[in-house]
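Undergrad:
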Ligand code: NAD
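What follows is the structure, given as structure tokens:
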């Protein structure tokens, strides 16, 4: 039986036209939330994402909408948040900052525009959505901010200067917000919490270039095996649905005292 504990709640999941964000949007819809999706893609890709989230939520009327903000532009983020305040009757209850981009080359070869874009999408967009969305959460005594950081918010790898800097930044930003909002609401309302999920390797389009770089004339499976062997002791990929299950758990009232955390889902990567 479907458990709709998020009925009456509205969520925004950034970067939810693909990968982890799409899985989280579907899981939140399945738990009863209205879901605003965001992300780039062709009209067909966006329509397909809307249809998937709608189906996961049981095709309730006006329960999924796409907001097309390019998260590199803070004016577009502000316009999206205004639209969302109207759609959600005063402000969203759940904010998942998931959109992220990557470019892996040594520091001295990193194009300046890549630095700017990665910091804008992976870090600054979370600052903007949080500063706009969190006051309404405070008024309601319930709010959930879930920032999809990375193991690279906890440890570094070479060739990922802007990515690692952005993810450490998201972990720090989340801890500050967690402290500022910790005392709001109560056990019954569920409180206002801010947490990071820090995945290791997750099977999504984001890491395809890194798999391809390790195929060395072999199969994709060889590339995946080589990638896992470098860092992830479980030697298993995480699936997007598995990250989504954790995100939905963090939205529960019972998770009111889980705040300021950075939770690794990394097969032991950061235990080493
Ligand atoms: P993905 O490439 O499948 O999806 C990224 C999403 O971000 C897409 O919907 C894309 O349209 C959106 N996006 C990119 N640039 C945007 C922009 N300028 N404006 C609006 N949306 C934009 O990637 P994914 O693997 O699902 O990654 C999701 C998050 O998880 C990212 O923050 C990533 O850093 C993090 N992460 C992924 C892995 C992994 O192994 N896949 C590991 C750790 C952390």
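Residue numbers (the working numbering): 804 to 1075. Here a beta-carbon is modelled for each residue, glycine too, at the ideal position from N, C-alpha and C. None of the values given here were measured: they were computed from a predicted structure.
Under 8 angstroms, do residue 982 and residue 933 count as touching if we go by C-beta distance?
TA: In the chain shown, the residue the question calls residue 982 occupies position 179. In the chain shown, the residue the question calls residue 933 occupies position 130. Cβ distance not < 8 angstroms, so residue 982 and residue 933 don't count as in contact.
Undergrad: By Cβ distance below 7 angstroms, which residues in the same chain neighbour residue 892 in space, the five residues on each side in sequence not counted?
TA: Taking the chain shown and counting its residues from 1, one reaches residue 892 at position 89. So no residue of the chain qualifies.
Undergrad: Which of helix, strand or coil does DSSP assign to residue 989?
TA: Translated into positions along the chain shown, residue 989 becomes position 186. The answer is coil: DSSP assigns residue 989 none of H, G, I, E or B.
Undergrad: Near residue 826, what residues of its chain come up, given a Cβ to Cβ distance below 7 angstroms and the 5 sequence neighbours on each side ignored?
TA: As a first step, residue 826 must be located in the chain shown, where it is residue number 23. Hits under 7 angstroms: 1043, 1044, 1046 and 1047.
Undergrad: With distances taken from CA atoms, which of 940, 1018, 975 and 1030 is nearest residue 996?
TA: Here residue 996 is taken as the residue at index 193 of the chain shown, counted from 1. If we check each option's Cα against that of residue 996, 940 comes out closest.
Undergrad: For my contact list, residue 925 and residue 970 are in at a C-beta cut-off of 8 angstroms; report their separation, rounded to the angstrom.
TA: Locating residue 925 in the chain shown gives position 122, where the first residue counts as 1. Locating residue 970 in the chain shown gives position 167, where the first residue counts as 1. The pair is a contact, with the Cβ atoms about 7 angstroms apart (cut-off 8 angstroms).
Undergrad: Between residue 840 and residue 819, which are expected to be in contact by the criterion C-beta below 8 angstroms, what is the C-beta distance as a whole number of angstroms?
TA: In the chain shown, the residue the question calls residue 840 occupies position 37. In the chain shown, the residue the question calls residue 819 occupies position 16. Yes, residue 840 and residue 819 are in contact; Cβ-Cβ is about 4 angstroms, under 8 angstroms.
Undergrad: Nearest to residue 867 by CA position, among 894, 843, 815 and 1005, is which residue?
TA: Numbered from its first residue, the chain shown carries residue 867 at position 64. Minimum Cα distance to residue 867 is reached at 815.
Undergrad: Roughly how many angstroms lie between the CA atoms of residue 998 and residue 976, to the nearest whole one?
TA: Position 195 of the chain shown holds residue 998. Position 173 of the chain shown holds residue 976. A direct Cα-to-Cα measurement between residue 998 and residue 976 gives close to 10 angstroms.
Undergrad: Can you tell which of 1010, 1021 and 1031 has its C-alpha closest to the C-alpha of residue 966?
TA: As a working mapping, residue 966 is identified with position 163 in the chain shown. Per the Cα distances, 1010.
Undergrad: Under 8 angstroms between the Cβ atoms of residue 1064 and residue 1005?
TA: As a first step, residue 1064 is located in the chain shown; it is residue number 261 there, counting from the start. As a first step, residue 1005 is located in the chain shown; it is residue number 202 there, counting from the start. Not closer than 8 angstroms, so no.
Undergrad: Looking only at its chain, what residues have a beta carbon closer than 7 angstroms to the beta carbon of residue 950, apart from the 5 residues adjacent to it on each side?
TA: Locating residue 950 in the chain shown gives position 147, where the first residue counts as 1. Excluding sequence neighbours, residue 950 sits near 900, 929, 973, 977 and 999.
Undergrad: Taking the alpha carbon of residue 968 as the reference point, which residue from 1015, 993 and 905 has its own alpha carbon closest?
TA: Mapped onto the chain shown, residue 968 falls at position 165. Between residue 968 and the set 1015, 993 and 905, the nearest pair of CA atoms involves 905.
Undergrad: Residues in its own chain within less than 7 angstroms of residue 875 by CB, not counting five upstream and five downstream?
TA: As a working mapping, residue 875 is identified with position 72 in the chain shown. Contacts found: 920, 923 and 924.
Undergrad: Provide the residue(s) that pair with residue 998 in DSSP beta bridges, ordered along the chain.
TA: In the chain shown, residue 998 corresponds to position 195, counting from 1. According to DSSP, which records beta bridges pairwise, residue 998 is partnered with 949.
Undergrad: Could you please give the first and the last residue of the uninterrupted alpha helix (DSSP H) stretch that includes residue 919?
TA: Translated into positions along the chain shown, residue 919 becomes position 116. Residues 915–922.
Undergrad: According to DSSP, is residue 1005 part of a helix, a strand, or is it coil?
TA: Counting from 1 along the chain shown, the entry for residue 1005 is found at position 202. Strand, per DSSP.
Undergrad: Going by Cα to Cα distance, which pick from 1037, 833, 1030 and 822 is closest to residue 1052?
TA: Sequence index remark: in the chain shown, residue 1052 carries index 249 (1-based). Sorting 1037, 833, 1030 and 822 by C-alpha distance to the C-alpha of residue 1052 places 833 at the top.
Undergrad: For residue 908 and residue 1013, what's the separation of their Cα atoms in angstroms?
TA: As a position in the chain shown, residue 908 is number 105, starting the count at 1. As a position in the chain shown, residue 1013 is number 210, starting the count at 1. C-alpha separation (whole angstroms): 11 angstroms.
Undergrad: From this set, 937, 963, 837 and 1033, which residue's C-alpha is nearest residue 890's C-alpha?
TA: Numbered from its first residue, the chain shown carries residue 890 at position 87. The residue with the shortest Cα to Cα distance from residue 890 is 837.
Undergrad: Please indicate yes or no: does the CB of residue 902 lie closer than 7 angstroms to some heavy atom of the ligand NAD?
TA: For the purposes of this step, residue 902 is taken as residue 99 along the chain shown, with counting starting at 1. Yes, Cβ of residue 902 sits closer than 7 angstroms to a heavy atom of the ligand NAD.
Undergrad: Drop a sphere of 10 angstroms on the beta-carbon of residue 865, count the other beta-carbons inside from all chains shown, and report buried for 16 or more, exposed for fewer.
TA: Position 62 of the chain shown, counting from 1, holds the residue named residue 865. Residue 865 should be labelled exposed.
Undergrad: Taking just the CA atoms, how far does residue 829 sit from residue 859?
TA: Here residue 859 is taken as the residue at index 56 of the chain shown, counted from 1. Here residue 829 is taken as the residue at index 26 of the chain shown, counted from 1. The alpha-carbon atoms of residue 859 and residue 829 are separated by roughly 5 angstroms.
Undergrad: Please report the straight-line C-alpha distance between residue 984 and residue 811, rounded to a whole angstrom.
TA: Locating residue 984 in the chain shown gives position 181, counting from the first residue. Locating residue 811 in the chain shown gives position 8, counting from the first residue. Spanning the two alpha carbons is a distance of roughly 22 angstroms.
Undergrad: Hey, is residue 1060 close to the ligand NAD, as in C-beta under 7 angstroms from one of its heavy atoms?
TA: The residue labelled residue 1060 in the question sits at position 257 within the chain shown. It does not: the Cβ of residue 1060 is nowhere closer than 7 angstroms to a heavy atom of the ligand NAD.
Undergrad: Beta-carbon within less than 7 angstroms of residue 1058's beta-carbon, same chain only, minus the 5 sequence neighbours each way: which residues are those?
TA: Taking the chain shown and counting its residues from 1, one reaches residue 1058 at position 255. For residue 1058, where only same-chain residues beyond five positions count, the Cβ hits under 7 angstroms are 996 and 1052.
Undergrad: Counting along the chain, where does the alpha helix (DSSP H) carrying residue 932 start and finish?
TA: As a working note, residue 932 is residue 129 in the chain shown. Taken as a continuous stretch (DSSP letters only), the alpha helix (DSSP H) holding residue 932 covers 928–943.
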